[in-house]
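Going by full-length UniProt numbering, the sequence shown opens with residue 1, and the numbers climb by one from there. Working notes, beginning with the structure itself.
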Amino acid sequence: CAENAEVLETQRAVFGLPPTPTLNRKPINVSLCTLTTRKLFNGGNKAETEEFPHMAAVGFDPGKPNVGVSWLCSGSLISSKIVLTAAHCTSDMFFGL
């Protein structure tokens, strides 16, 4: 810890990213882009029920008849009542905030 303390003390600068301008954006013609795709998972096994008890599935109920819950995110249990998830999982994309 002592050997890392010196590094931590000298690293004080924090830089933020500039906001992305939304006005005057030009659409991107995807057909001109060279996109390559690959599998994100290779092989793997389905998890058994209760195999990873610290993990949580985060679902969204759109509140519409005949439309089920969309399980779009995951999270980790950090206490008996709190799930930690990514910020984009609670954005306006899902909740209209």
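Here a beta-carbon is modelled for each residue, glycine too, at the ideal position from N, C-alpha and C.
If residue i and residue j are in contact, beta carbons under 8 Å, what's the gap, nearest whole angstrom?
i: residue 60; j: residue 72; result: 6 Å
i: residue 70; j: residue 56; result: With 8 Å as the limit, residue 70 and residue 56 do not qualify as a contact, their Cβ atoms being about 15 Å apart.
Relative to the C-alpha of residue i, which candidate in the options has its C-alpha closest?
i: residue 86; options: 67, 58, 41; result: 58
i: residue 54; options: 80, 90, 46, 88; result: 80
Check residue i in the structure and name its three-state DSSP category.
i: residue 57; result: strand
Could you tell me if residue i is buried or exposed, where buried requires 16 or more neighbouring beta carbons within 10 angstroms of its beta carbon?
i: residue 9; result: Summary for residue 9: the model assigns pLDDT 45, below 50, so the residue's position carries little reliability; its value from the coordinates is reported in the next sentence. Classification of residue 9: exposed, given that the 10 Å Cβ count is below 16.
Can you list, in chain order, the residues of its chain with a C-beta nearer than 8 Å to that of residue i? Leave out the 5 residues immediately preceding and following it.
i: residue 83; result: 56, 58, 75, 76, 77
i: residue 62; result: 70
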